[in-house]
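Here the structure comes first, spelled out in structure tokens, and everything after it is commentary.
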């Protein structure tokens with residue numbers, strides 16, 4: 257490309273300078289995109305691991321609920337056995353929540369909120385149903401947090417602190 261007076265244009269001149277000096281103009285951009293790609297890949301991998309754990313929690317919680325539906329009101333011996341079995345399964349889910357908590361350490365929890373909230377909601381349903389059958393009361397969220405997760409894993413309170421939590425009566 258030539259200007260109107262026969263001189264090369266600025267763009268051509270700059271490209272000539274870059275090529276003659278051995279500097280690759282695209283190198284800086286490519287390095288940045290490679291670093292962005294690695295960050296996004298790591299975040300996506302973490303999101304997928306959290307979704308998988310949450311899916312496992314959902315499946316286990318649904319099985320607990322289905323098991324609790326087998327309770328017959330007139331057979332108290334079987335009633336206690338099913339409740340104890342469900343209690344053990346609910347307590348075993350604590351390890352899954354610890355895994356999610358480990359994945360979320362040092363991360364913005366709200367960017368992964370949608371990855372684990374379904375599992376937490378299903379767990380709350382199973383734990384509430386179990387507690388309701390056992391004591392004929394509805395547990396508070398702090399009771400479920402203390403009993404099944406401890407204070408080190410505040411996923412129950414996080415799952416209820418979404419933008420839609422104002423719509424959920426507590």
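Residue numbers (this note's numbering): 257 to 426.
Virtual Cβ for every residue (Gly too), placed ideally from N, Cα, C.
- Going by beta carbons, residue 309 and residue 352 fall inside the 7 Å limit.
- In this structure residue 375 is buried. Its beta-carbon is surrounded by 16 or more other beta-carbon atoms within 10 angstroms.
- Assigned with DSSP and collapsed to three states, residue 392 falls in coil, not helix or strand.
- With respect to the 7 Å criterion, residue 404 and residue 318 are not classified as neighbours on the basis of their beta carbons.
- Here residue 325 carries a coil assignment [DSSP, helix/strand/coil].
- Under the three-state reduction of DSSP output, residue 297 falls in the helix class.
- The alpha carbon of residue 299 has as its nearest neighbour, out of 381, 335, 371 and 321, the alpha carbon of 371.
- Rounded to whole angstroms, residue 386 and residue 364 show a C-alpha spacing of 32 Å.
- The criterion of a C-beta distance shorter than 7 Å is not satisfied by residue 315 and residue 327.
- 367 is the residue among 392, 384, 398 and 367 whose C-alpha sits nearest the C-alpha of residue 306.
- Take residue 398, set aside five residues on each side of it, and no residue of its chain has a beta-carbon closer than 7 Å to its own.
- Judged by their CB atoms, residue 321 and residue 379 are not nearer to each other than the 7 Å cut-off.
- Boundaries of the alpha helix (DSSP H) around residue 357: 350 to 360.
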